[in-house]
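A short write-up of the structure that comes next.
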Ligand SMILES: NC(=O)c1ccc[n+]([C@@H]2O[C@H](COP(=O)([O-])OP(=O)(O)OC[C@H]3O[C@@H](n4cnc5c(N)ncnc54)[C@H](OP(=O)(O)O)[C@@H]3O)[C@@H](O)[C@H]2O)c1
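Residue numbers (my numbering): 10 to 263.
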């Protein structure tokens, strides 16, 4: 399945950049959204310039910037794919952390995602076509110490996206959610999370995750955990008593 025009949030690095590259390679015009203008400009140049990509600089933790992106979705009928990928984690205990960093995760990972999903759903439902692709995390499956707010935001994204999938399914609009595990991007460094002790086999590349994510959007898969190992981990933790789930999650959170 190919898309005409896609908005990709968090396109300046990692999974979002990989999604934007794949979309552009398939002939989709991509609107690249993030804060870091020089990165977006250079990616747009690589993708073929203004014919193939548009740069939209936005801080998605700022209501005014989010409203501008929502307006783009409202007013441009060519946009048939909205990828809510921008997000970040702040590692550390709730007590002792800067409150701004904790609330900022809710602003970007949740508030922005809901606002842009709402704009996309409103624009696409009357057309009976289009897709919303939301990036969650395996972290959303378990309550994780030192990532309490991040894990909760991703639990929200997974739940919200599946509800929206059910609401829009009969009307022809796709809603897919992916919940990646450890993926080699800038995420861990930015989160101040020491991932150095994690074995190589736990990791996926951003490109692997991007391919699975776009396949999920095209096939309208409500929720996909990328990779056999992540699927197995999630599947084996889900039936356990919550006290045991918390102990396992703590091994990754500390
Ligand atoms: N990497 C992992 O292990 C992993 C696992 C599960 C889920 N995820 C999820 O995957 C998504 C992408 O993360 P990634 O791994 O690709 O990490 P990344 O390399 O750090 O990329 C994050 C992207 O989000 C953008 N972003 C962050 N805050 C923003 C803000 N306030 N306004 C606008 N853009 C903002 C960043 O752009 P600027 O800094 O230029 O604004 C960047 O493009 C996130 O939702 C993350 O939660 C990642």
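Cβ coordinates follow ideal geometry from the N, Cα and C atoms, glycine included.
Quiz item: By a C-beta neighbour count over all protein chains shown, 10 Å radius and 16 as the cutoff for buried, is residue 247 buried or exposed?
Solution: Exposed, because fewer than 16 other Cβ atoms sit within 10 Å of the Cβ of residue 247.
Quiz item: Looking at the structure shown, is residue 50 part of a helix, part of a strand, or coil, going by DSSP?
Solution: Helix at residue 50.
Quiz item: Do the segment 37–44 and the segment 231–238 touch if we need at least three Cβ pairs shorter than 8 Å?
Solution: The segment 37–44 makes no contact with the segment 231–238: fewer than 3 CB pairs, one atom from each, lie closer than 8 Å.
Practice problem: Could you tell me the boundaries of the alpha helix (DSSP H) in which residue 89 lies? | Solution: Run containing residue 89: none in the alpha helix (DSSP H); it sits in the beta strand (DSSP E), 88–93.
Quiz item: Under three-state DSSP, which class holds residue 69?
Solution: Residue 69: coil per DSSP, three-state reduction.
Practice problem: Confirm, please, whether the CB-CB distance from residue 87 to residue 13 is below 8 Å. | Solution: The answer is yes: Cβ separation under 8 Å.
Practice problem: State buried or exposed for residue 7, treating a residue as buried only when at least 16 other CB atoms are found within 10 Å of its CB. | Solution: Examination of residue 7 is not possible in this model, given that the chain is present from 10 through 263 alone.
Quiz item: Out of curiosity, what's the CA-to-CA distance linking residue 34 and residue 216?
Solution: Distance between the alpha carbons of residue 34 and residue 216 is about 13 Å.
Quiz item: How would you label residue 89, buried or exposed, when you count the other beta carbons within 10 angstroms and need 16 or more for buried?
Solution: Residue 89 comes out buried.
Exercise. Name the residue from 70, 124 and 79 whose alpha carbon lies nearest to the alpha carbon of residue 110.
Key: It is 70.
Quiz item: Does the distance from the C-beta atom of residue 146 to that of residue 204 stay below 8 Å?
Solution: Judged by their CB atoms, residue 146 and residue 204 are not nearer to each other than the 8 Å cut-off.
Quiz prompt | Supposed contact pair residue 92 and residue 17 - C-beta distance, whole angstroms, cut 8 Å | solution = Indeed they touch by this definition, with Cβ atoms about 4 Å apart.
Exercise. Answer yes or no: do residue 73 and residue 220 have a C-beta to C-beta separation smaller than 8 Å?
Key: Not closer than 8 Å, so no.
Quiz prompt | DSSP-derived helix/strand/coil call for residue 207 | solution = In the three-state reduction of the DSSP assignment, residue 207 falls in the coil class, being assigned neither a helical nor a strand state.
Self-check item: Every unbroken beta strand (DSSP E) within the segment 73–134, with a cutoff of 3 residues, ordered by chain
Solution: Taken in chain order, the whole beta strand (DSSP E) runs of length 3 or more contained in the segment 73–134 are 88–93.
Practice problem: For the beta strand (DSSP E) holding residue 18, just list the boundary residues, first then last. | Solution: Annotation for residue 18: the continuous beta strand (DSSP E) segment containing it runs 14–18.
Quiz item: So what does DSSP say about residue 167, is it helix, strand or coil?
Solution: Residue 167: helix per DSSP, three-state reduction.
Quiz item: Between the C-alpha atoms of residue 154 and residue 24, what's the straight-line distance to the nearest angstrom?
Solution: Rounded to whole angstroms, residue 154 to residue 24 spans 25 Å at the Cα level.
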